[in-house]
Amino acid sequence: MTVVPGWVRDRNGAMAPFDLERLSRRLYQSARRLGPADPLLVRELAEGASLFLGQEGSAGRAWAIPDLVDAVARAVRELGQPGLAAAWLEEHGLLGED
């Protein structure tokens, strides 16, 4: 059974359901900073990151935004895209903190 992340807690403390489409769009935005981006590859990376988040999290756990950003960067890096991981962290103001 595949576990996906359930909830995200934003910086103001509000809870929202995890949104794979939003993650995919935000990763694509980061990828475009590096040059032409392949939307299908970015979608696959978002799905892979989602699975990584589901495995790393625990049932009922809400991901805080900084933790989610860091975990997505680690997943993308492990999936062979270190440049995109760095762009993702830079876009979120976290470059150099992982």
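Numbering (this note's numbering), first residue to last: 50 to 147.
Note that CB positions come from ideal geometry on N, CA and C, so glycine has one too.
Starting from the C-beta of Leu83, find all residues in its chain whose C-beta is less than 7 Å away, skip the five residues before and the five after it, and write them out in chain order.
-> As a first step, residue 83 is located in the sequence shown; it is residue number 34 there, counting from the start. For Leu83, where only same-chain residues beyond five positions count, the Cβ hits under 7 Å are Gly132, Leu133, Ala136.
Measure the Cβ-Cβ separation of Leu102 and Ala120 and say whether it is below 8 Å.
-> As a position in the sequence shown, residue 102 is number 53, starting the count at 1. As a position in the sequence shown, residue 120 is number 71, starting the count at 1. Yes.
Going by Cα to Cα distance, which pick from Phe67, Arg58, Val125 is closest to Gly97?
-> For the purposes of this step, residue 97 is taken as the residue at position 48 of the sequence shown. Taking only the C-alpha atoms, the option nearest Gly97 is Val125.
Compute the Euclidean distance between the alpha carbons of Ser79 and Val118, then round it to the nearest angstrom.
-> As a working mapping, residue 79 is identified with position 30 in the sequence shown. As a working mapping, residue 118 is identified with position 69 in the sequence shown. The alpha-carbon atoms of Ser79 and Val118 are separated by roughly 12 Å.
Cβ-based neighbour list, Phe67, same chain, cut-off 8 Å, excluding 5 preceding and 5 following | Along the sequence shown, read from residue 1 onward, the residue named residue 67 stands at position 18. Once the five neighbours on either side are set aside, the close Cβ partners of Phe67 are Val53, Pro54, Gly55, Trp56, Val57, Ser99, Leu102, Trp112.
Between Ala63 and Tyr77, which are expected to be in contact by the criterion C-beta below 8 Å, what is the C-beta distance as a whole number of angstroms?
-> If you number the sequence shown from 1, residue 63 lands on position 14. If you number the sequence shown from 1, residue 77 lands on position 28. So it is not a contact: roughly 24 Å between Cβ atoms.
From His141, Arg74, Ala95, Arg60, pick the residue whose C-alpha is nearest to that of Ala127; which is it?
-> Counting from 1 along the sequence shown, the entry for residue 127 is found at position 78. Note that residue 127 corresponds to Glu in the displayed sequence, not to Ala. Residue Ala95 is the option with its Cα nearest to Glu127.
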